[in-house]
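Undergrad: Please find one structure pasted underneath; my questions will follow.
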Amino acid sequence: IITPLAAFISDHALAAMFLPIGMLLYQNSLTEEIPEDPELGKMLMIAIAMACNIGGPGAPSGGARNVIMMTYLNDMFGFDIGYFQWVTYCFPFLLVMIPITWFMVNWRFKPRITSLAPAMNQLRTEIDRMGGWNRKQIWALIIFLIMVYGWFTEKVFYNLGIYPVRLGIGVIAVAGAVAYILAGVVNWRDYQEKVDWGVVWLYAGAIIFGRTLDQTGAAYWLARTVIDLLAPLGMSSGIPLMATANGLTACLTNLMADGPAAAAVGPITLNMAGLVHPGSTFLPFMAMSTAIASSFAYCLIIGTPPNAIVYASGYLEPKDYLRVGIPMWFVANIVIVLLTAVYWSFRGFGGLPGF
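Residue numbers (the numbering used here): 38 to 392.
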């Protein structure tokens, strides 16, 4: 449930929403025979974090890193990736990673309680007690669905001449935010006090840093340096180069937020792609793979907000992220390389020549 939603809703918002549900499931699973089961608590909490992390690349709205790479690709090379187009390329990554994550979590954690059925029944009772949907909830869902529809269709409508200009993801998102105020779902004070505007400045600073790298030629120089270093190893082009770029991005994103990581690395990886495979499918593929790799913040608490949010529950220790995160990090890098080499390469991109 969480992973597909994370493609359309902010990952930290989902983590905050599902954290109390996970805690409730844990508390309601305990019995007199088993008054405590730390492994179960860890399993539930880490599953929430990992589900949020793997879901973000599924759609451009799943994280700022996706929109950042789309913007870089368009500004630097003139290649445009639409919202629906991104989903058709990147959503399969989610479908592959869901069973892998389930296996990893069950492999690394061995709880004494193996069935959540009693806890789920109690959760259903609590939901029934809450009653039906109220007016605000209905309007919130309607506006959200309209926003998603707008994201999926805006490029198509522009190509058909229905829209005189590209609306982009941002315009539709802001229109949705205004619609929430007009419908009475939220008020202006909610946006003032409950939206972390500091995050906006964080991403703005990261984007400025990335643009500076590109415009000053530093990104080109770094890209050329990396390619020269990889050339003796036979990894300076094609899939080996993409795997290296993904690995570097995936390492960096565990040490800083995923959006700034993509903003900083994006100009370098795209310059690498432009140097070795100009005008080919390698450019959009590199943009999408960099965005996906920047979501591989599985190993450290500081890597992504969902990791920090579930850690605040008190059920987890820092080493628990490493137990699941390290094997998932390696598997995810393999999955994106296979996705590129098989599905993306077979499908191509907008009539561009292959690499």
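For each residue, glycine too, the CB sits at the ideal point set by N, CA and C.
All values reported here derive from a predicted model rather than from experimental measurement.
I need the DSSP call for G387, collapsed to helix, strand or coil.
TA: Of the three classes helix, strand and coil, the one that applies to G387 here is coil, per DSSP.
Undergrad: For V372, which residues from the same chain have a beta carbon less than 6 Å from its beta carbon, with the 5 sequence-adjacent residues on both sides left out?
TA: Within the same chain, V372 has close Cβ partners V133.
Undergrad: Do you know how far the Cα of P41 is from the Cα of R384?
TA: Roughly 23 Å between the two C-alpha positions.
Undergrad: Do the segment 248-261 and the segment 295-310 meet, that is, are 3 or more Cβ pairs less than 8 Å apart?
TA: Taking 8 Å as the limit for Cβ pairs, the verdict is that the segment 295-310 does touch the segment 248-261.
Undergrad: For H49 and P269, I'd like the C-alpha separation in whole angstroms.
TA: Roughly 42 Å separates the two Cα atoms.
Undergrad: With C-beta atoms as the reference, is F116 less than 8 Å away from P315?
TA: Not a contact, by the Cβ cut-off of 8 Å.
Undergrad: Considering Cα atoms alone, identify which of L312, W170, G235, N283 is closest to V374.
TA: Of L312, W170, G235, N283, the residue nearest in Cα terms is N283.
Undergrad: Look at the Cβ atom of M87, then the Cβ atom of V124, and state whether they are nearer than 8 Å.
TA: No.
Undergrad: Report back the beta-carbon spacing between Y380 and N90 to the nearest angstrom; my notes put them in contact at under 8 Å.
TA: Y380 to N90, Cβ: 21 Å. No contact.
Undergrad: Can you check whether the CB of L353 is closer than 8 Å to the CB of M82?
TA: It is a contact, given that the beta carbons lie within the stated cut-off.
Undergrad: What is the rounded straight-line gap between the Cα of A280 and the Cα of S350?
TA: Cα-Cα distance, rounded: 35 Å.
Undergrad: Nearest to F130 by alpha carbon, out of P342, V237, T377, I38?
TA: Measuring from the Cα of F130, the nearest candidate turns out to be T377.
Undergrad: Below 8 Å CB to CB, which residues in the same chain sit around R149 once its five sequence neighbours on both sides are set aside?
TA: Hits under 8 Å: I71, D74, E76, L77.
Undergrad: Which same chain residues, not among the five before or five after M60, have their C-beta less than 7 Å away from its C-beta?
TA: Closer than 7 Å at Cβ, skipping near neighbours: S350.
Undergrad: Just to confirm, is the Cβ distance from L160 to L62 under 8 Å?
TA: Yes.
Undergrad: Could you check whether the segment 154-168 touches the segment 359-367, counting it as contact only if at least three pairs of C-beta atoms, one from each stretch, sit closer than 8 Å?
TA: In short, these stretches do not touch, since the Cβ pair count stays below three.
Undergrad: Name the residue from I183, L197, W238, I329 whose alpha carbon lies nearest to the alpha carbon of V211.
TA: When only C-alpha atoms are compared, the closest one is I183.
Undergrad: Would you be able to state if there are at least three C-beta pairs under 8 Å between the segment 238-246 and the segment 283-292?
TA: Not touching, per the Cβ criterion.
Undergrad: According to the Cβ coordinates, are H317 and L389 closer than 8 Å?
TA: According to the sequence as given, residue 317 is Ser; it is not His. For S317 and L389, yes; Cβs fall inside 8 Å.
Undergrad: Does DSSP put R203 in a helix, in a strand, or in coil?
TA: In this structure, R203 counts as coil in the three-state DSSP scheme.
Undergrad: Go ahead and label D357 buried or exposed: buried means 16 or more other beta carbons lie within 10 angstroms of its beta carbon, across all protein chains shown.
TA: Its Cβ being crowded by 16 or more others within 10 Å, D357 is buried.
Undergrad: Express the C-alpha separation of M106 and G187 in angstroms, rounding to a whole number.
TA: Looking at the two C-alpha atoms, the distance is approximately 20 Å.
Undergrad: Expressed to the nearest angstrom, what Euclidean distance is found between the alpha-carbon atoms of S382 and R226?
TA: Taking the straight line joining both Cα atoms gives about 48 Å.
Undergrad: Once you ignore the five residues that flank L250 on each side, which residues in its own chain have a CB closer than 6 Å to its CB?
TA: Result list for L250: A256, P304, in chain order.
Undergrad: With C-beta atoms as the reference, is A44 less than 8 Å away from G119?
TA: Not closer than 8 Å, so no.
Undergrad: Under a Cβ-count criterion, where at least 16 other Cβ atoms within 10 Å of its own Cβ denotes burial, should T138 be classed as buried or exposed?
TA: It is buried - the Cβ of T138 has at least 16 other Cβ atoms within 10 Å.
Undergrad: Leaving out five residues before and five after F146 in sequence, what residues of the same chain have Cβ atoms less than 6 Å from its Cβ?
TA: Closer than 6 Å at Cβ, skipping near neighbours: E76, K79, M80.
Undergrad: Suppose you measure from the CA of V47 to the CA of P297; what does that come to, to the nearest Å?
TA: Reading the sequence as shown, one finds Ser at residue 47 and not Val. C-alpha separation (whole angstroms): 16 Å.
Undergrad: Determine the closest residue to I264 out of N224, P277, P355, with distance taken between C-alpha atoms.
TA: Here the closest residue by C-alpha is P277.
Undergrad: For F386, which residues of its own chain have a beta-carbon under 6 Å away from its beta-carbon, when the five flanking residues on both sides are left out?
TA: If we look at F386 and ignore the five residues flanking it on each side, its Cβ neighbours are T318, P321.
Undergrad: How many whole angstroms separate the CB atoms of A299 and T327, which I take to be in contact at a CB cut-off of 8 Å?
TA: Confirmed, about 6 Å.
Undergrad: Within this structure, are the beta carbons of G213 and I175 separated by less than 8 Å?
TA: Their beta carbons are not under 8 Å apart, which means G213 does not touch I175 by this criterion.
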